[in-house]
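A short worksheet on the structure shown next.
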Amino acid sequence: MIETRGYATHDANAKFVPFNFERRNLGDHDILIDVQFCGICHSDIHQAKQEWGPSIYPMVPGHEIVGRVSKVGSAVTKFKLGDLAGVGCFVDSCRECSACKADQEQFCKVHTAATYNGTEMDKVTPTRGGYSKHHVVDEAYALKVSSDQPLAAVAPLLCAGITTYSPLKHYKVGPGSKVAIVGLGGLGHMGVKLAVSMGAEVTVLSTSPSKKDDALKLGAHHFVVTSDKANLKPLKGTFNFILDCVSADHEMDMYLNLLDVYGAMVLVGLPENPVSARAFSLAGNNRTLAGSSIGGIKETQEMLDYCAEHNITSDVEVIPITKIEEAYERTIKADVRYRFVIDMSTL
Ligand code: NAP
Ligand code: ZN
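Under this note's numbering, the first residue of the sequence shown carries the number 5, and numbering increases by one thereafter.
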């Protein structure tokens, strides 16, 4: 086994502490990654605090992982020593079911091995994520990362990037689309950059008036503060597509009513409690309320290549690993600008 260390939390109310653990020895198709940066996703917080149901502890979160390949298994073809590699939200799946065959491994019919707070394909061995020095992963579930972009700012693409790219593509956002992004956090700010790059007219709907200048700098065309509902009145029935990136419980109807005829609102934010909407908010204008979950390996690679080509990265605040708690607190307070990324050399 390969000795490594990371930071773990031992229960829903515990603080993060240094944690020594082992990665598996390299199989023929595995690569060893020396992790350089790992983003902090709000999903890390939901799971560390057990907001989505029972969690597996000790938990080493982190699914926005980038680093350098320091060892390769005998059959590895996609990576060589010294290459950059990324790992996102899952590290394995059955590879044979209809979902895996359709490049939707996140919906594997047998088992998707989540990068952390999950289990390997044996459904027993707990997985541990990227708040750690080393990662071992099958090359089929690792992504190629461009060396032309600042690595810390690429890390968040592995989750925040693909989670926003995938629904924007699926709903054919492009020139002429009127798009609203709800919640300017890690996902939201990537949603803005990507939707703008695809040619859409983008409005940010935010609870934080202080984020206006940032939103416009990110490329948004309009910024509207949602805490005063009067601000939303002129927007009724105007958007083709709304991407809801909010991490906390919130009302649906006030956003749904902003959709135009056949408009769709897609939830990527995953708050703790069930959402509810008035049937009238959906029947009116023939609206769709839908969800979207990350993206498969093929689409994640497509997104990384797209971001490299269009010079898109995340706006990041790089922190030492000792500041996880502080970063969590600020993220919960919606005070993230716009993704915390851990510099693993500080471990
Ligand atoms: P984040 O950085 O914390 O951003 C969330 C944003 O939501 C905040 O910055 C804030 O933006 C807004 N917000 C917070 N509380 C709110 C409230 N009470 N009412 C309205 N808006 C509020 O989180 P993230 O990392 O982007 O993740 C967002 C959500 O997506 C999380 O639930 C996460 O678990 C989920 N997620 C889902 C997937 C998926 O595959 N579907 C993947 C990754 C993450 P403003 O200040 O602009 O209001
Ligand atoms: Zn995430």
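Just so it is clear, CB atoms sit at the ideal spot from N, CA and C, and this is done for glycine as well.
If you compare the alpha carbons of Glu100, Asn261, His67 and Lys176 with that of Ser136, the shortest gap goes to His67. Contact residues of the ligand ZN (beta-carbon closer than 5 Å to any heavy atom; chain order) are Cys45, Ser47 and Cys163. Just measuring C-alpha positions, the residue of Pro22, Gly10, Tyr120 and Cys42 sitting nearest Ala52 is Tyr120.
C-alpha of Arg99 to C-alpha of Thr116: approximately 10 Å in a straight line. For Asp96, the secondary structure class from DSSP, reduced to helix, strand or coil, is strand. In the three-state scheme derived from DSSP, where H, G and I count as helix and E and B as strand, Tyr120 is classed as coil.
For Pro275, the Cβ falls inside the 7 Å cut-off from some heavy atom of the ligand NAP. In the DSSP assignment, Leu293 is bridged to Met269. With fewer than 16 neighbouring CB atoms inside 10 Å of its own CB, Lys221 falls in the exposed class. The straight-line gap separating the alpha-carbon atoms of Ile325 and Glu333 is approximately 14 Å. Residue pairing by DSSP places Ala184 opposite Thr207 and Ile246 in a beta bridge. In the structure shown, Ser280 adopts coil according to DSSP, grouped into three states. At least one heavy atom of the ligand NAP sits closer than 7 Å to the Cβ of Ser296. Of all alpha-carbon atoms in Asn29, Asn24 and Ser78, the one lying nearest the alpha-carbon of Met63 is that of Asn24. Classified as buried, Ser251 has 16 or more neighbouring CB atoms from the shown chains inside 10 Å of its CB.
Cα atoms of Ile60 and Lys240: separation of roughly 43 Å, rounded to the nearest angstrom. Taking C-alpha positions only, Thr211 is separated from Ser231 by approximately 6 Å.
When DSSP states are grouped into helix, strand and coil, Leu88 belongs to the strand group. Taking 8 Å as the cut-off, the Cβ atoms of Val229 and Asp248 do not count as close. At a Cβ-Cβ threshold of 8 Å, Leu30 and Val73 do not count as neighbours. Taking non-hydrogen atoms of the ligand NAP into account, the C-beta of Thr211 is found less than 7 Å away from one of them. The beta carbon of Phe344 sits closer than 6 Å to the beta carbons of Ile44, Glu321, Ile323 and Ala331 from its chain, once the five residues preceding and following it are set aside; these are given in chain order. The C-alpha of Thr13 lies about 15 Å from the C-alpha of Leu351. With distances taken between CA atoms, Gly133 lies nearest to Val70 out of Phe83, Ala184 and Val70. Secondary structure within the segment 285-329: the alpha helix (DSSP H) runs of 4 or more consecutive residues, fully enclosed, are 301-313 (chain order).
Residue range Asp34 to Gly43 is occupied by the beta strand (DSSP E) that includes Leu36. Each residue's CA atom was taken as its position, placing Phe227 and Pro154 some 28 Å apart.
For the pair Met256 and Leu293, the CB atoms are nearer than the 8 Å cut-off. With fewer than 16 other beta carbons inside 10 angstroms of its own, Asp15 counts as exposed. If you look at Ile346, you'll find it isn't in any alpha helix (DSSP H); it sits in the beta strand (DSSP E) that goes Arg343 to Asp347. By the Cβ rule, the segment 279-290 does not count as touching the segment 298-308, because fewer than three pairs are nearer than 8 Å.
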